[in-house]
Amino acid sequence: MISRKSKVPSPLFTVESIGIEPVPDSHRYGGAKNLFWVWFAGNLSFAYLVIGAVIWTFGLSLWQSVLALIAGLSTYWIIGYLGLPGQRTGLPTMAYSARYFGLRGNRFMAVVSWVNMLGWETVVLVIATYSMETILQLLLGVSPKVSWILLSLLISAVLELSIAFVGHALIERFQQWFSYIFGTLTLVVLLAFMPHISWEAILNKTSGPWLSGFIPAATIVVAASVLSWVTTASDYTRHLPRKIPGAKVVHAAFWGSVTSTGIMMLAGLILGQSAPGLASAVNPIALLLKWMPAWAEIPYLLVTMIGIIAGGILDAYSSGLSLLAAGVKIPRSRTIGVDAIVSISATLYVVLVSQQFLFSFEAFLTLIAGLLAPWAAIAIVNVARSPRTSASAAMISWAAGVIAALCTTSTSIFTGPLAVGIFRISSLGYFLGFTIALGIYLLWSLIWPLKQAEISNSPTN
Numbered sequence: 025m026i027s028r029k030s031k032v033p034s035p036l037f038t039v040e041s042i043g044i045e046p047v048p049d050s051h052r053y054g055g056a057k058n059l060f061w062v063w064f065a066g067n068l069s070f071a072y073l074v075i076g077a078v079i080w081t082f083g084l085s086l087w088q089s090v091l092a093l094i095a096g097l098s099t100y101w102i103i104g105y106l107g108l109p110g111q112r113t114g115l116p117t118m119a120y121s122a123r124y125f126g127l128r129g130n131r132f133m134a135v136v137s138w139v140n141m142l143g144w145e146t147v148v149l150v151i152a153t154y155s156m157e158t159i160l161q162l163l164l165g166v167s168p169k170v171s172w173i174l175l176s177l178l179i180s181a182v183l184e185l186s187i188a189f190v191g192h193a194l195i196e197r198f199q200q201w202f203s204y205i206f207g208t209l210t211l212v213v214l215l216a217f218m219p220h221i222s223w224e225a226i227l228n229k230t231s232g233p234w235l236s237g238f239i240p241a242a243t244i245v246v247a248a249s250v251l252s253w254v255t256t257a258s259d260y261t262r263h264l265p266r267k268i269p270g271a272k273v274v275h276a277a278f279w280g281s282v283t284s285t286g287i288m289m290l291a292g293l294i295l296g297q298s299a300p301g302l303a304s305a306v307n308p309i310a311l312l313l314k315w316m317p318a319w320a321e322i323p324y325l326l327v328t329m330i331g332i333i334a335g336g337i338l339d340a341y342s343s344g345l346s347l348l349a350a351g352v353k354i355p356r357s358r359t360i361g362v363d364a365i366v367s368i369s370a371t372l373y374v375v376l377v378s379q380q381f382l383f384s385f386e387a388f389l390t391l392i393a394g395l396l397a398p399w400a401a402i403a404i405v406n407v408a409r410s411p412r413t414s415a416s417a418a419m420i421s422w423a424a425g426v427i428a429a430l431c432t433t434s435t436s437i438f439t440g441p442l443a444v445g446i447f448r449i450s451s452l453g454y455f456l457g458f459t460i461a462l463g464i465y466l467l468w469s470l471i472w473p474l475k476q477a478e479i480s481n482s483p484t485n
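Positions 25 to 485 (the working numbering) are the ones given, in order, by the sequence shown.
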C-alpha cells in the first residue's frame with residue numbers, strides 16, 4: 025500500500041521494529057486523515073454512554089447539559105497539540121518528555137503512564153469478555169460456563185493485543201476500516217434506542233445550578249476522556265511526514281476524538297432520562313440490551329465489543345512505548361507480552377473470582393488522573409523545541425500539582441482532606457492540580473530559565 029501523502033510504503037503486516045528512538049524520515053507515511061480515523065475509532069466506545077448519563081445527575085437542563093458536554097470536549101485540543109512534538113522529532117510522548125523531566129524523572133513519569141494505559145487496557149478486556157460471552161450465548165444457545173468465559177477472553181485478548189503487537193501501520197489501517205464499518209453500525213444501533221427515549225422528560229428538565237452543577241459536569245467529561253490520552257498523543261503522529269502542516273495534525277486529532285466521543289456521550293445524555301439506572305449501572309451494556317429488538321442484539325454486542333477494543337488497542341500500543349521509556353530494555357513487540365500476562369491475569373481474577381475488584385480498580389485509575397493532569401500542564405508548556413527550565417523545576421511543579429489534585433479529589437477508595445463541597449462531587453481537583461503545576465512551572469521558567477548551554481545538553485537534543 026502506498027500512501028497518497030507519501031511515497032514511502034506502509035509496512036502493514038510487518039512487526040514494527042522501531043521502539044522509542046526517533047522514526048526516520050525514510051520510514052514515515054500517512055496523512056492527517058489517517059490520524060483522524062485513529063482517534064475517531066479509539067473513542068467510539070459505548071462506555072462513554074455512562075458519562076453522558078452522569079451529566080444528568082447534576083440537575084441540569086438539556087441545554088446546560090449539552091453546553092457542559094461541549095465545554096468538556098473542547099479540551100481535546102490538548103491531544104492534538106501534544107502530538108506536534110511526535111511529528112517534529114519522531115519520538116513518542118513519553119520519550120519526548122525526558123527533554124523537560126530529565127531521564128531519571130521521566131522514567132517515573134513513564135511508569136505512571138504505563139500503569140494508566142495497562143489499567144484501562146485491562147478494563148477494556150473485561151468488558152469485551154463479557155460482551156463476547158453474551159454473543160456466544162445468543163448465537164449458540166449455551167449457558168454461562170467457565171469454558172465459555174475463557175474462550176471469550178481468548179478471542180477478546182487476541183483481537184486487542186495482536187494488532188498492537190504488529191504495530192502502528194496495522195493499527196492505523198484497522199482503525200480506519202473499523203470507523204467505516206462499525207461507525208455506521210453504531211449509528212444504526214443508536215437509532216434502535218429511539219423508540220425508548222422519553223423526550224418529554226428531557227425537554228421539561230428545568231435549569232440547574234451553574235457552580236455546583238455545570239462546572240462539575242464539565243470536569244467529569246474531561247477526566248473521563250481527555251486525561252486518559254494525554255501521555256499518548258505523539259505515539260500516533262511520529263510516523264507522519266514532517267511536511268504535513270502542524271495545524272492539520274492538531275485538527276485531525278481534535279475532530280477525530282470529539283466527533284466519536286461527542287456522539288457517544290450525547291447518546292448517553294439522551295438515554296439517561298429514559299434509563300435512570302444507566303449512570304450507575306454495573307453493566308450498562310446488559311442494561312441497554314433489553315431495549316434491542318431481536319435482529320439488533322448481535323450487531324449491538326459486536327459494536328460495543330469491537331468499539332471498546334479499538335480503544336484498548338491504542339492502550340496496549342502506547343503502554344508498550346511507556347514501558348520502554350521507563351527504561352525496560354526489550355523490543356517494542358515484546359512489551360505486548362508483558363501487558364498480556366498482567367492484563368489477562370487481572371481479567372481472569374475479575375471474571376472468575378471478584379467482579380467487585382473491577383470497581384476498586386477503576387477508582388484507582390481515576391485517581392491516577394490526579395498525576396496525569398499536572399504532567400499535562402508541564403508538557404503543554406514544552407511543546408516548543410527547547411525546555412523552559414530545569415528538570416528539577418518540572419518535577420517540583422508536578423509534585424505540587426499532584427498534592428493539590430489528590431487533596432481535593434474524592435473516589436471510592438480515597439478521599440483527600442480538602443475534597444469537600446464542589447470538589448467532592450466533581451473532577452475539579454484535577455484542574456486545580458493542572459493550574460498549580462502550570463503556574464509554578466511558568467513562574468520558575470521566568471525567574472530561572474535554562475541557559476543555551478544547558479538546553480544543548482538536555483536529553484534528546
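Virtual Cβ for every residue (Gly too), placed ideally from N, Cα, C.
As the structure is a prediction and not an experimental result, all values here were calculated from the model.
Simplified DSSP state of THR439, which is helix, strand or coil | strand
Which whole-angstrom value is the C-beta distance of ALA92 and LEU84, which I expect to be below 8 Å?
-> 7 Å
In the DSSP assignment, find the alpha helix (DSSP H) that holds LEU164 and state where it starts and stops.
-> 122–164
C-beta contact flag for TRP428 and LEU467 at 7 Å = A small fix is needed here, since residue 428 is Ala in this sequence, not Trp. Their beta carbons are not under 7 Å apart, which means ALA428 does not touch LEU467 by this criterion.
Length of the line joining the Cα atoms of LEU97 and ALA276 | 14 Å
Whose C-beta lies closer than 8 Å to the C-beta of TYR373 among residues of the same chain, with five residues either side of it excluded?
-> PHE381
Selection from ALA424, SER69, ALA340 and LEU391 that minimises the alpha carbon distance to LEU183 | The candidate whose alpha carbon is nearest that of LEU183 is ALA340.
How close, in whole Å, do the beta carbons of SER155 and ILE309 come, if the pair is a contact with beta carbons under 8 Å?
-> 6 Å
Among CYS431, VAL444, LEU442 and ALA403, the one whose alpha carbon lies nearest that of GLY126 | For the set CYS431, VAL444, LEU442 and ALA403, the Cα lying nearest the Cα of GLY126 is the one of ALA403.
Whole angstroms is fine: what's the gap from TYR465's alpha carbon to LYS169's?
-> 55 Å
Anticipated Cβ contact below 8 Å, ILE332 with SER69, distance rounded = 5 Å
From ALA393, VAL362, PRO398 and LEU214, pick the residue whose C-alpha is nearest to that of THR328; which is it?
-> LEU214
Select from TYR260, LEU395 and GLY292 the residue whose C-alpha is nearest the C-alpha of ARG52.
-> TYR260
For SER304, name the three-state secondary structure that DSSP assigns.
-> helix
Under the three-state DSSP convention, the category LEU89 falls into = Residue identity differs from the one stated: residue 89 is Ser in this sequence, not Leu. In the structure shown, SER89 sits in a helix (DSSP, three-state: H, G or I).
Measuring alpha carbon to alpha carbon, tell me which of LEU36, ALA216, GLY301 and ASN58 ends up nearest LEU264.
-> ASN58
Among VAL377, VAL62, LEU430 and ILE173, nearest to LEU389 - alpha-carbon criterion | LEU430
Within the region 257–339, ranges of the beta strand (DSSP E) (whole runs, at least 3 residues) | none
SER434, DSSP secondary structure in three states = Looking at SER434 - three-state DSSP - the assignment turns out to be strand.
Under 7 Å Cβ to Cβ from GLU386, same chain only, skipping five residues before and after it: list those, please.
-> VAL147
Where do the ends of the alpha helix (DSSP H) carrying LEU470 lie?
-> Start and end: 452–471.
Taking SER89 as the reference, which of SER258, GLY237, ARG266 and PRO398 has the closest Cα?
-> The residue with the shortest Cα to Cα distance from SER89 is GLY237.
The alpha helix (DSSP H) spanning ASN58 covers which residue range?
-> 56–66
Stretch-stretch touch, CB-based, cutoff 8 Å, three pairs: the region 119–138 with the region 397–414 = yes
Through-space distance from ALA225 to GLY66, alpha-carbon basis | Put simply, the backbone Cα of GLY66 is about 32 Å away from that of ALA225.
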